[in-house]
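For reference, the structure is listed below as structure tokens.
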Amino acid sequence: MLVGDISGQIWVDANANGRNDPGERSLAGWPVFIDSNGDGLQTAGEQITASDANGKYLFAGLPAGNTRVAVVVQPGFNPLTGRPRLLTLAVRDRRVVTGDFPMVTAPIVSGRVTGTIFSDLNENGVKDVGEGGISGWTVFADLNNDSLLTAGEPTAVANADGDYILGAVPTGTWSIFQMPVGGYRTTSGGALFPLQNAPNFRTVSVVAGGTATAVFGNWIPQVGTISGTVWNDANGDGVRGAGESAIAGRPVYIDLNRDGVQAATEPVRTTDAAGGYSFVDIRAGAYRVSEVLAAGFIPSELRPSAVESLVVRAGVSVVDFYNLQPLAGSFSGTLWNDQNGDSLFNTGESPLAGWTVYQDLNADGALTAGEPQTVTAADGSYLFAGQAYGTKSIRVVPQTNWAVTTPATGVAAFLLLNGQNRTAVGFGLREQVGDVRGVVLDDANGNGVQDPGELPLSGMTVFVDLNHDGQLTAGEPVTATAADGSWSFVRLPVGTYSVVHVLPADRIAAVGRPAIRSLTVGIGTVSVADFFTLIPVQGSVSGLVFNDQAADGIFNAGDAPLQGWQVFADLNNNTVYDTGEPEAFSAADGSYQLTGLSYGAVTIRQTALPGFTLTTYPSGAAIFLLNGEQRTGISFGRHDLQQFFLNGNVFSDVNHNGVRDAGERGLSGVTVYLDLNNNSVADPGEPVTASIADYYFTPAVDETGDYSFTHLGHGTYTIREVVPATMDATPAAAQVRTLTLPSAVPPVANFANVFRANEIHGVVFHDTDADGVPDVGELRRAAVSIYLDLDRNDLYDIGEPEAVTAADGSYSFTGLVPGAYVVREKVRQSGPWTTGHAGGGILYPAGISNPASGNVTPTAISINLAAGETSVHNVSLTLPAAGSLSTLVDVFLLFDDTGS
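By my numbering, the letter at position 426 of the sequence shown is numbered 411, and the numbering carries on one by one without gaps.
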């Protein structure tokens, strides 16, 4: 492929001769590119380079042929006349083609604009300390004055500090625009309407080579809108009704100083044809919005002509004004006797004539000089004519023992509409009286209730104690009970009264039913107070004093009565017996009776003795003794605070003498309990334990079978054991013991247990498979004599126990004492034995122990076996090389418990 190079130089041709003369300045860093598409612009993919420090550039290895080379002319320069910035050069194979670009300086015809974009927190238009710059916003010079960024117009982007520089801005006067984002607007210096004088541009004058400044302070506008309508509220109800129109041409202003006068500097709007007005983009805050009323108009009662309004950002605060031209009206109503208090003028209820009705202008609740008033006619009606529009408060002058039922507040408050003739402004009134009544009864038992047989009392005096001195005074209402005991006082003024029943000398009032009663009389109500009286009769209280062993507060079986203990009625409730207070002492059976007790509340106490605590009525038995009542069942349990113990031993009574003799062993694990209720059952809550095993840490003492109970109080205890099944031969009487604590002798209760008789059972069979086990199908041998070889001489001796096998081959020996036995066939049957067979051994230790022949390992095995436990051990025998050997080996079992 044919290739060549293009090189050249860029310099300032000061003398404009087209040659690079000495002293002329080289231009370094100018972009030069191969204009492949011939558009005169450097496009992506086109080769580009830059001039070096000497203004030189080079494109090497270009294909042969015509090639367009262009330079990017920098500001302040122009190509030398006749020497264009774009050259077409013919590249030749292995040749260097020269393309130079002589430049001359261009006249300065532009300047620049600099400035800052910042967050103007205080809206003063000045970047103060703490107000940060806003980066990333675009700034442009609007050269065509269309307020839009157009291609070719100088632009810049604010840096991190909000600073920008617009270069190559033509000379002249221009608008420099910023392009805010995020809802920001240019600040206007704190104006009431901050958006009206806050354009997003600054006007600057640019001179050739000069620098103009355009600074932009910005904020997020905190503005909203106040708007509303002015209405002709003809009836003054504060609501736009049918036929009520808007009012145009009315001034509405922001009363900035809240003085109620429109100042020249205060913003004002005039309502349009629809009565509307608005203050748009007003700064957020609290304002007083006021209207200027036209002559002859007043504001509606509920719609003032000055309204406080709060403007929030982007919000709309609506303030409407309602005006009217005032017209006179009237109001009327009726007063009536509201006998049932339901606030309705019902049939049969009468009007109230001659009552004063007035307008309470000063709202003090009383008729004052100058306040309009009138008097109700015979039909209870009244009328106020020629009344001005506005709110009215109407009241009635009260009369003694009367009260208003409607309105509930006693005042008829309402808005008299413009020109309205209002009716039905009525007042219901009710006389404030009521009745009291009751019955006087003979409450024989004093329980405050009329029981069957208790009759009313006639001729009893009852009066209303107006001065609350408890005495019947002249002028006080008084009456006597009728034959049915009833009494009453009618038409008493509303209030609270003391009604007194005068008690005869032989009577008292029942407890809780005093002879002086406080009654509240309500309007039209009937208050009831019944009086219960009685002729006092003495009563009594009885019960038991007992030793509460279980401390459960119950006299259980086994709890002992306590004799000689004091019980008394604590009349002054000081917790101790005082001379003269009723007292009694418990008898041998623990019973007591207190007599001569008065009707009413009384506390019965039992005098404490050292070492005991009360389990019933610890604070005394507070009772209410009815008139003449004989109260029973007030019993006092005393629990002994002293603590005792009892113990004993459970053992195997081998000789059945009921005493633990030497050699009779203790029995561990046997349950022992205190049968507190003596029902022969260990009930929940009854103390229970088990006899213990021997303690390993006391080798000199055998504790096996010991048991104990501690923390026991005074009393007699029944101790029982739960006898194991293997000891069911123990007599029933030996299974229970009784002890009384404290005891003069050590409190010991032993249990002598007797094992049931021992038995030996077995079977004789034809062991066809010689496995020593009676399998199914193997013949049982009947009528075979079996005996116990007591002397172990391998012969049946007269007197030795004998048994004969039954049809199933079975035999048994019963009633055997503990010991070791050898069981043999009396006459050997045919065939060898397949089960173990004892030789002529000697019962150890009666015989002689011979040393073993050969080596035996181990020589002894020492184990402890529990009931039913099995232990298997291997024994190794090494026979001697010579000598006589026996075919039998003697094994001796030594039982240290039985002595066998």
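A virtual CB, placed ideally from N, CA and C, is assigned to each residue, including glycine.
Nearest neighbour of residue i, chosen from the options [CA to CA]
i, options, result
"Q417", "V389, G423 and Q(-6)", "V389"
"N185", "G509, A429 and V124", "V124"
"A606", "G528, S770 and T580", "G528"
"I589", "S604, G209 and L312", "S604"
"T250", "D257, T256 and N242", "N242"
"A805", "E744, A768 and V812", "E744"
"V479", "N63, V166 and N386", "N386"
"Y169", "D127, W122 and N558", "W122"
"Q523", "T564, W472 and A586", "A586"
"T580", "L599, D563, L610 and V561", "L610"
"Q720", "A710, D691 and E706", "E706"
"T564", "V733, L556 and S571", "L556"
"A894", "F448, A227 and S525", "Outside the displayed span of the chain (-14 to 885) sits residue 894, for which this structure offers no information."
"F162", "L724, A429, T140 and P69", "T140"
"T101", "T90, V89, S120 and V94", "S120"
Counted within 10 angstroms of its Cβ, other Cβ atoms place residue i as buried (16 or more) or exposed
i, result
"W216", "buried"
"T52", "buried"
"I(-5)", "buried"
"A456", "Correcting the residue identity first, residue 456 is Gln in this sequence and not Ala. So Q456 counts as exposed."
"F474", "buried"
"S512", "buried"
"A831", "Annotation note: pLDDT 49 at A831 (below 50); position unreliable, coordinate value reported separately. By the 10 Å Cβ count, A831 comes out exposed."
"P843", "exposed"
"G3", "exposed"
"D257", "exposed"
"P669", "exposed"
"D(-2)", "buried"
"N888", "Because the chain spans -14 through 885 in this model, residue 888 falls outside it and cannot be assessed."
Whole-angstrom C-beta distance between residue j and residue i, which should lie under 8 Å
i, j, result
"F629", "L726", "4 Å"
"A183", "T198", "Incorrect: roughly 19 Å between the Cβ atoms, too far for contact."
"Y658", "E671", "6 Å"
"V262", "R254", "In the sequence as presented, Val is not what sits at residue 262; that position holds Tyr. Going by Cβ atoms, the distance from Y262 to R254 rounds to 4 Å, so yes, they are a contact pair."
"G538", "T601", "5 Å"
"L631", "L697", "7 Å"
"Q405", "G281", "At roughly 19 Å, the Cβ-Cβ gap does not stay under 8 Å, so Q405 and G281 are not in contact."
"Q548", "A572", "6 Å"
"L519", "G431", "5 Å"
"L764", "H746", "That belief does not hold up - the Cβ atoms of L764 and H746 are roughly 19 Å apart, past 8 Å."
Whether residue i touches residue j by CB criterion (9 Å)
i, j, result
"A409", "S378", "no"
"A536", "G643", "no"
"Q344", "E356", "yes"
"I239", "I205", "no"
"G118", "L106", "no"
"V191", "T156", "yes"
"R623", "F636", "no"
"V761", "T790", "no"
"G84", "L72", "yes"
"V154", "S212", "no"
"L652", "T689", "yes"
"T158", "T99", "no"
"F178", "V265", "yes"
"A29", "P87", "no"
"L780", "V807", "no"
"E286", "G221", "yes"
"F44", "E31", "no"
"G270", "V296", "yes"
"T391", "G365", "no"
"N144", "E138", "no"
"E380", "S317", "Note on residue identity: the sequence assigns Arg, not Glu, to residue 380. No."
"S483", "L504", "yes"
Any chain C beta carbon closer than 9 Å to residue i
i, result
"V666", "Note that chain C does not occur in the displayed structure, where there is just one protein chain."
**OP:** Ignoring anything shorter than 3 residues or poking outside the stretch 573 to 634, list the beta strand (DSSP E) runs there in chain order.
**Re:** 576 to 582, 585 to 591, 597 to 599, 606 to 610 and 621 to 625
Subject >> beta strand (DSSP E) runs wholly inside the stretch 753 to 800, at least 3 long, in chain order >> reply: 770 to 773 and 787 to 789
**OP:** Jot down the residue ranges of each uninterrupted beta strand (DSSP E) in the stretch 68 to 93, minimum 3 residues, whole runs only, in chain order.
**Re:** 71 to 76, 81 to 83 and 86 to 90
Subject >> Continuous beta strand (DSSP E) assignments of at least 3 residues falling wholly in the stretch 195 to 225 >> reply: 196 to 198, 201 to 204 and 208 to 217
Subject >> Contained beta strand (DSSP E) runs [length at least 3] in the stretch 365 to 415, N- to C-terminal order >> reply: 366 to 372, 375 to 381, 387 to 391 and 397 to 401
Subject >> beta strand (DSSP E) runs contained entirely in the stretch 94 to 169, provided each spans 3 or more residues >> reply: 95 to 104, 123 to 127, 140 to 142, 148 to 155 and 157 to 164
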